[in-house]
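Once you know that position 347 of the sequence shown is 352 in the working numbering, the rest is easy, because the numbers rise by one and skip nothing.
Beta carbons: idealized from backbone N, C-alpha and C, even for Gly.
Have a look at the structure below before the remarks.
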Amino acid sequence: MSKIKRKAPIGEAAILSQIGPVFRNNLHCDICDTPITSEELDQFFDLLDRFHQAIIAKFTAGISPAALATAYFSWLSQLALCPGRALELALYPAFHAQDCTTKIICHLRPGDGRDVRFHTDSWQSWPWEIYAENFLQFEDWWRRATTDIPGVPSHVERTVSFCARQIIDALSPSNFVLTNPDLFQETISTLGLNLFHGTKLAIQDRLERIFDIPPEGVENFIPGKHVAITPGKVVFRNHLIELIQYEATTKTVYKEPVLILPAWIMKYYILDLSPHNSLVKWLVSQGHTVFIVSWRNPRSKDRHLGLDDYHRLGAMAAIDAVSKRRPKAKINLMGYCLGGTLAMISAAYMAIEGDKRLNTLSLLAAQGDFSEAGELMLFITESEVSFLKNMMWEKGYLDTKQMAGSFQMLRSYDLIWSKMVHDYMSGKQRGMIDLLAWNADATRMPYKMHSEYLEKLFLKNDFAAGRFAIEGKHIVAENIHLPTFAVSTEKDHVAPWRSVYKIHLMMNNDITFVLTSGGHNAGIVSEPGHKGRSYRIRERKKDSTFIDADHWVDIAEKRKGSWWLAWHEWLTTHSSEKRVNPPKLDASLPSAPGTYVLQK
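So, in structure tokens, the structure goes:
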């Protein structure tokens, strides 16, 4: 067979991929006249796939079109096999017409007053109440059409329901001037100036996104100047972390130091915001010696950093550094969100190594079992993970904008449509606060680490199943025998509290579990004195009978105030009775917050 010259690489590759491998060994390079191996050609084909999917991902916010199409046709085909459900949906208007009409005639508040989109009195008058009630009926129709269809897999149901909700949320009458009574009256009274000012804000926000300009107001919340100002020193640094030790403010301190592992998806100073709501500052004021990890913001060159590296260069390096500075004291290890998952992994690793340096384990909004990880599972299917990996592969990391887009869609009304109505239609810009400024100061996720996190922990749930290995050694949470304090939040869309609660099935130790009011961030940043805060708390002793989550809510003690107080009390219970002199910090060391937190 004559040799085939590579004159049209893309077209030739497409043809050769169809006619078989017999041609592969006959390909030659025109430049050096050397054979192109089968492995090299396979790499070329893989490269083409990666580039193609990476380009598509830029236009789909990282969501795989194949995953959506597969879910849609699976749902539609199962719905076609359910004539009873189809008839129910067809007759829905007739069945609910009387209820809808009664609410309109009696001027009842749409959604029984619980729907924040229609909570003002103006929605009770004609014709606005008709718009609201018809929309709520439409929303309920789609909920019935996309849920509880016999034969539809749970992940398909979640995906289809999620997509339907995105479209329905966008069509809400509260989002349009002509169908929102408050916006309509405001537009009339201001002669449209609200829309003019809102358009300027929309253009400003768009330009900020295009040119990576920080949102207006964040200049008042710069780490080291306005936030993250608790005095301390950087006592250790490697390629991945800076370890900060904070200066004591009490004459004596508890012997056991507290080491905090924050999530690396965001900057560490969520736990050291303003002086009035800084968890770090509050812990120091209670007599604890506090260390915290500040993670490097990875770039393309860090694409090969994996979970092993975050364990070894992150958690274990920090534990080694704390042990070196406090050699006679065991460590109270605390992890927040992704940092909490790492804390569990490292504690399990230390258990099989016989490493006894930990005193307690505290986990804030942290998951170990990802089987019911909430709506984030929408983005975790075989197709989606493959798509995300190819998207990250192009740059070597997951971009902050891509992460932000995913989280916004999980709470589309709160994070997208309410902002559009308030800012872009009412023309009233929301003021910047410390928590929002921190939220805008996002980080990146290395390609290898995030790929392993999605595939091994989320998709396959290897850690909960006992299949997860760190540094080549299989670990299980059951080997962790440390007293554990686990905090979850009621409105957490990242780590749902029922998912966090599964720690009771993973460990057989003393667990104090807390369910606090608020969400993933605001529920944790819940300083004493914060209005409206409350929490439930209950301890489960080792070898106790398992209690399901719903029953736990019924029997757990409910308290008003901040869960910080309960955590401090728990820490002191597991600390040495005799307090010691506070450690001294070398004045020549770099000051907190260090340099890694300032990386953009």
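Where do the N-terminal and C-terminal ends of the beta strand (DSSP E) with residue i fall, by residue?
{"i": "E544", "result": "S539 to R545"}
{"i": "I265", "result": "V263 to L266"}
{"i": "A606", "result": "As shown, the chain starts at 6 and ends at 605. That puts residue 606 outside it, with no answer to give."}
Counting only beta-carbon atoms, is residue i nearer than 8 Å to chain B?
{"i": "H498", "result": "Note that chain B does not occur in the displayed structure, where there is just one protein chain."}
Figure out for me which residue from the options has the closest Cα to the Cα of residue i.
{"i": "I480", "options": "A470, F226 and G203", "result": "A470"}
{"i": "T257", "options": "H244, G229, H556 and S290", "result": "S290"}
{"i": "S130", "options": "S456, K329, T184 and E399", "result": "T184"}
{"i": "P595", "options": "K286, I249 and W128", "result": "I249"}
{"i": "R170", "options": "L383, G311, F64 and T600", "result": "L383"}
{"i": "T106", "options": "L141, T75 and D120", "result": "L141"}
{"i": "E93", "options": "Y77, D145, G156 and Q58", "result": "D145"}
{"i": "F296", "options": "Y251, I218 and P158", "result": "Y251"}
{"i": "T521", "options": "V161, P501 and T494", "result": "T494"}
{"i": "A74", "options": "R119, V161 and I61", "result": "V161"}
{"i": "H455", "options": "D313, T65, D104 and Y540", "result": "D313"}
{"i": "L200", "options": "F216, A445, F181 and R214", "result": "F181"}
{"i": "P70", "options": "V121, T125, V165 and W287", "result": "V165"}
{"i": "S581", "options": "D217, W287, H293 and A571", "result": "H293"}
{"i": "P132", "options": "D187, V157 and A320", "result": "D187"}
{"i": "L603", "options": "I227, K453 and V223", "result": "I227"}
{"i": "F463", "options": "E377, I560 and E221", "result": "E377"}
Under the DSSP definition of a beta bridge, which residues are partnered with residue i?
{"i": "Y402", "result": "P451"}
{"i": "L248", "result": "F241 and V298"}
{"i": "I475", "result": "K478"}
{"i": "E562", "result": "I542"}
{"i": "S493", "result": "L520"}
{"i": "T365", "result": "N337"}
{"i": "P228", "result": "V232"}
{"i": "S596", "result": "K238"}
{"i": "M430", "result": "Per DSSP, none; premise fails for M430."}
{"i": "M355", "result": "DSSP output for M355 lists no bridge partner at all."}
{"i": "M271", "result": "A447"}
{"i": "V121", "result": "Answer is none; V121 lacks a bridge partner."}
{"i": "V258", "result": "V585"}
In terms of residue numbering, what span does the alpha helix (DSSP H) encompassing residue i cover?
{"i": "G340", "result": "Element bounds for G340: not the alpha helix (DSSP H) but the beta strand (DSSP E), I336 to Y341."}
{"i": "A169", "result": "S159 to A175"}
{"i": "V505", "result": "W502 to V505"}
{"i": "A322", "result": "A322 to R330"}
{"i": "F189", "result": "P186 to S194"}
{"i": "S82", "result": "P70 to A85"}
{"i": "H573", "result": "W568 to T578"}
{"i": "S205", "result": "Looking at the sequence itself, residue 205 is Lys, so the reference to Ser does not match. L198 to I215 is the span of the alpha helix (DSSP H), which, as asked, contains K205."}
{"i": "F64", "result": "S43 to F64"}
{"i": "E93", "result": "P88 to A95"}
{"i": "W287", "result": "L284 to S290"}
{"i": "M511", "result": "I508 to M511"}
{"i": "A469", "result": "D467 to A470"}
Got a sec? Which residues, its chain only, sit under 7 Å from residue i by beta carbon, not counting five neighbours each side?
{"i": "A554", "result": "R503 and Y506"}
{"i": "A137", "result": "P115, F123, W128 and P178"}
{"i": "L278", "result": "V232, D439, L440, W443 and V530"}
{"i": "G25", "result": "A caution first: G25 carries a pLDDT of 46, below 50, which makes its placement in the model too unreliable to give a value."}
{"i": "L446", "result": "Here residue 446 is Asp; the residue named in the question, Leu, does not match the sequence. Cβ within range, chain order: K272."}
{"i": "K565", "result": "S539"}
{"i": "W575", "result": "F490 and T517"}
Among the residues of its own chain, which have a CB less than 6 Å from the CB of residue i, if the five just before and after it don't count?
{"i": "V27", "result": "Residue placement at V27 is flagged as unreliable, the pLDDT there being 42, under the threshold of 50; the coordinate-derived value follows with that caveat. Same-chain partners within the cutoff: there are none."}
{"i": "A72", "result": "T386, S388 and E389"}
{"i": "H573", "result": "Q291"}
{"i": "S328", "result": "R362"}
{"i": "L381", "result": "none"}
{"i": "N30", "result": "Unreliable placement is indicated for N30, whose pLDDT of 48 sits below 50; no coordinate value is reported for it."}
{"i": "I15", "result": "Model confidence at I15 stands at a pLDDT of 43, short of 50, so the residue's coordinates are unreliable; what they give is reported in the following sentence. Nothing listed; no residue qualifies."}
{"i": "Y354", "result": "I475 and I480"}
{"i": "M396", "result": "A59, A62 and G67"}
Spatial neighbours of residue i within its chain, please: C-beta separation below 8 Å, excluding the five flanking residues on both sides.
{"i": "N243", "result": "L318 and A322"}
{"i": "L343", "result": "A268, W269, I270, A371 and Y458"}
{"i": "R304", "result": "G401, Y402 and R449"}
{"i": "W569", "result": "L284, W287, S531, E532 and P533"}
**Request:** Inspect the CB distances between the stretch 347-357 and the stretch 484-500 and report whether three or more fall short of 8 Å.
**Result:** yes
**Request:** Would you check if the stretch 203-222 and the stretch 260-279 touch, i.e. whether three or more CB-CB distances between them fall below 8 Å?
**Result:** no
**Message:** I want to know whether the stretch 184-196 touches the stretch 390-405 - three or more CB-CB distances under 8 Å.
**Reply:** no
**Prompt:** Pairing CB atoms from the stretch 532-548 with CB atoms from the stretch 325-343, are three or more of them under 8 Å?
**Reply:** no
**Message:** Any contact between the stretch 424-434 and the stretch 86-103? By contact I mean 3 or more CB pairs, one from each, below 8 Å.
**Reply:** no
**Asked** Any chance the stretch 529-537 sits against the stretch 507-516, with 3 or more Cβ pairs inside 8 Å?
**Response** no
**Prompt:** Within the chosen definition, does the stretch 304-319 reach the stretch 222-241 through at least 3 CB pairs nearer than 8 Å?
**Reply:** no
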